[in-house]
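Which chain is which? The protein sequence lines are A and B, in order. Counted the way our numbering counts, the first sequence spans residues 329 to 535. Counted the way our numbering counts, the second sequence spans residues 329 to 535. Positions of the beta carbon are idealized from the N, C-alpha and C atoms, including for glycine.
Protein chains: 2
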Amino acid sequence: MITVAIAEDHQSLVDGISLLLKYEEDISILGTANDGEQLLEIVRLKQPKVVLTDIKMPKVDGITATRILRKEFPHIKVIAFSMFDQEEAIQQMIAAGASGYLLKNSPLEEVLKAIKTVGTGGTYFDASINLEDPAKTQKSTEKTVLSKSEREILRLIGEGKTTSEIANIRFTAVSTVEKHRKNMIRKLGLSGKGELLRYALEKKYDF
Amino acid sequence: MITVAIAEDHQSLVDGISLLLKYEEDISILGTANDGEQLLEIVRLKQPKVVLTDIKMPKVDGITATRILRKEFPHIKVIAFSMFDQEEAIQQMIAAGASGYLLKNSPLEEVLKAIKTVGTGGTYFDASINLEDPAKTQKSTEKTVLSKSEREILRLIGEGKTTSEIANIRFTAVSTVEKHRKNMIRKLGLSGKGELLRYALEKKYDF
DNA sequence: TCAAAAATCCCCGACAACGGGTATTACACA
DNA sequence: TGTGTAATACCCGTTGTCGGGGATTTTTGA
Chain A
329 MITVAIAEDH
339 QSLVDGISLL
349 LKYEEDISIL
359 GTANDGEQLL
369 EIVRLKQPKV
379 VLTDIKMPKV
389 DGITATRILR
399 KEFPHIKVIA
409 FSMFDQEEAI
419 QQMIAAGASG
429 YLLKNSPLEE
439 VLKAIKTVGT
449 GGTYFDASIN
459 LEDPAKTQKS
469 TEKTVLSKSE
479 REILRLIGEG
489 KTTSEIANIR
499 FTAVSTVEKH
509 RKNMIRKLGL
519 SGKGELLRYA
529 LEKKYDF
Chain B
329 MITVAIAEDH
339 QSLVDGISLL
349 LKYEEDISIL
359 GTANDGEQLL
369 EIVRLKQPKV
379 VLTDIKMPKV
389 DGITATRILR
399 KEFPHIKVIA
409 FSMFDQEEAI
419 QQMIAAGASG
429 YLLKNSPLEE
439 VLKAIKTVGT
449 GGTYFDASIN
459 LEDPAKTQKS
469 TEKTVLSKSE
479 REILRLIGEG
489 KTTSEIANIR
499 FTAVSTVEKH
509 RKNMIRKLGL
519 SGKGELLRYA
529 LEKKYDF
């Protein structure tokens, strides 16, 4: 018997999945949640074997929830369920300890397959996902190399501050902040005008 | 017997709804689509009594599809099915001729109720929708709505493309893309260098 | 059919962001 | 004690973005 908990902010989709799984003999749904907080509660109470979770959710996002759950209950397997096949999200989800990744525009049958595969110790990644890409992986390992000032500036960039605003906040010269920007761009292997803001916004859940 | 066509770009959700409706005696699904073009095809071929459609879809969006269908087949009832309860979208959908409006974070049972109510000549609007405040509604409908090209460009901005790259992709002049950018900034009340990218990244997950 | 909205193109100036350098001070740690 | 890294600050030049205009064509809605 595979016990499952589902977290997904669209109740209609939760209902659809529940309906499908209800007729499966070897699968039992222990609970459903509409946000990350509810998911953590349910898992702590009932400890399912498999967790199926959306990435974008209110209160606590799927990546953070996965990281917390995998730390508390290493035996619990997590399958991510997302609308997007963005590499960053997938990469982060894998880093957080997910055993599978599904896309919402795949058939519902995929969900069933994924739960069964992951529930019996395997991994399941949607066919339309292409992983590896050494540049990205390298990027994520190098991100820890950022220094204290650099991290602070990156955070401020993520909050929408411009270079001159950051300089005022930190009581340093504009040229210093720009230097830090450039160093970060070099360290992270980025290029182009908006890339650092992009990076800051996408990684801002990481602190 | 109520005949139905469903359009929704997330196949998993289509499957869930289909699964639910399959066990209903008086409802029959004539076809499902993953984008607006497919929906138009199906409706023209099979002419269902009720159409359940997502608003955000590839190729042809739900609002446009509704407008076209209501013009060609005035007897066909349309129910909108959306993730967001933004007044502009609801207002536009009603203006296009929709008889109902559902939110994806409502239970699946609501879908059933809505189809039955609309299929028998009624209207069904989600309880958590509040449409009063005519002044505000009027204001937002004529102000905040982005056009087709603008939305496409916003999407590309969200994918990290620069203005010149977008111009190449769309086979238009750089100046045109810049004009669209500026119009969007004005429409959305933004200001500053990175704000549009910021907006694009934040709204990217919301449709 | 006809006006409104959208889409296309161009101009200018201002300035922030980036790429590529150089240089000084300070502090850690081996 | 020296080497390394971080943090500070400045230079030049290029490109992208934004604010503010104007103008034409095409599409669409009423």
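Leaving aside the five residues that flank LEU529 of chain A on each side, the residues in its chain whose CB is nearer than 8 Å to its CB run, in chain order, GLY486. The continuous alpha helix (DSSP H) containing LEU482 of chain A extends over residues 476 to 486.
Look at ASP382 of chain B here: in three-state DSSP terms it is strand.
Close to GLN339 of chain B, with beta-carbon spacing below 7 Å, are these residues of chain A in chain order: ASN433, SER434 and PRO435. Rounded to whole angstroms, the Cβ separation of VAL388 of chain B and LEU397 of chain B is 10 Å, and the two are not in contact under 8 Å. Here VAL342 of chain B carries a helix assignment [DSSP, helix/strand/coil]. THR360 of chain B carries a strand assignment under DSSP once its states are collapsed to helix, strand and coil. Under DSSP, no beta-bridge partner is assigned to LEU529 of chain B.
Neighbours of ASP343 of chain A across chain B, judged by C-beta separation under 7 Å: GLY344, PRO435 and LEU436. Setting aside the 5 residues that flank it on each side, ILE404 of chain A is surrounded in the same chain by VAL371, GLN375, PRO376, LYS377, VAL378, VAL379, LEU397 and ARG398, each with a C-beta closer than 8 Å to its C-beta; the list follows chain order. The continuous beta strand (DSSP E) containing SER410 of chain A extends over residues 405 to 410.
Rounded to whole angstroms, ASP454 of chain A and GLY522 of chain B show a C-alpha spacing of 34 Å.
ARG498 of chain A and HIS508 of chain A have their C-alpha atoms roughly 13 Å apart. Neighbours of THR490 of chain A in chain B, taken as residues whose beta carbon is under 9 Å from its own, are GLY520, LYS521 and GLY522 in chain order. Of the residues assessed, VAL446 of chain A falls on the buried side of the cut-off, its CB having 16 or more other CB atoms within 10 angstroms. Annotation for THR491 of chain B: the continuous alpha helix (DSSP H) segment containing it runs 491 to 498. Straight-line spacing of the CA atoms in ASN362 of chain B and GLY488 of chain A works out to 36 Å.
A distance of 9 Å or more separates the beta carbons of ILE330 of chain B and ILE345 of chain B. Beta bridge pairing from DSSP links LEU430 of chain A with A:PHE409. Distance from the CA of TYR351 of chain A to the CA of LEU358 of chain B, rounded to the nearest whole angstrom, comes to 24 Å. When the five nearest sequence neighbours on each side are left out, the beta carbons in the same chain lying within less than 7 Å of the beta carbon of GLU506 of chain A are those of THR491, in order along the chain. Beta-bridge partners of THR331 of chain B (DSSP): B:SER356. For GLU530 of chain A, at least one C-beta of chain B is nearer than 9 Å to its own C-beta. Of the candidates B:TYR527, B:GLY450 and B:GLY517, B:TYR527 places its Cα closest to the Cα of LEU482 of chain B. Here PRO386 of chain B is actually not in contact with GLN339 of chain A; their C-beta atoms are around 24 Å apart, not less than 8 Å. Between the beta-carbon of ALA393 of chain A and that of GLY364 of chain A there is about 4 Å, and that keeps the pair under the 8 Å contact cut. Contact annotation: in the segment 346 to 375 of chain B, residues whose CB is within less than 8 Å of a CB in chain A are LEU347, LEU348 and ASN362.
Taking the Cα of PRO402 of chain A as reference, the smallest distance to any Cα among A:ILE383, A:ASP382, A:GLY390 and A:SER427 is reached at A:SER427. Inclusion of ILE355 of chain A and LYS444 of chain A in the CB contact set at 9 Å is warranted, their separation being smaller than that value. Its chain contains ILE391, THR394 and ARG395 as the residues whose beta carbon lies nearer than 6 Å to that of ALA424 of chain B, once the 5 sequence neighbours on both sides are disregarded; these appear in chain order. In this chain, the alpha helix (DSSP H) harbouring GLU437 of chain B covers 436 to 447. Residue-level contact by beta carbon fails for MET512 of chain A and chain B, as no gap is shorter than 9 Å. Per DSSP, LYS507 of chain B is one residue of the alpha helix (DSSP H) stretching across 502 to 516. For the C-beta of LEU525 of chain B, the chain A residues within less than 8 Å are, from N- to C-terminus, GLY522, LEU525 and ARG526. In terms of Cα proximity to GLY520 of chain A, the closest of B:ARG514, B:VAL332, B:GLU438 and B:GLU493 is B:GLU493.
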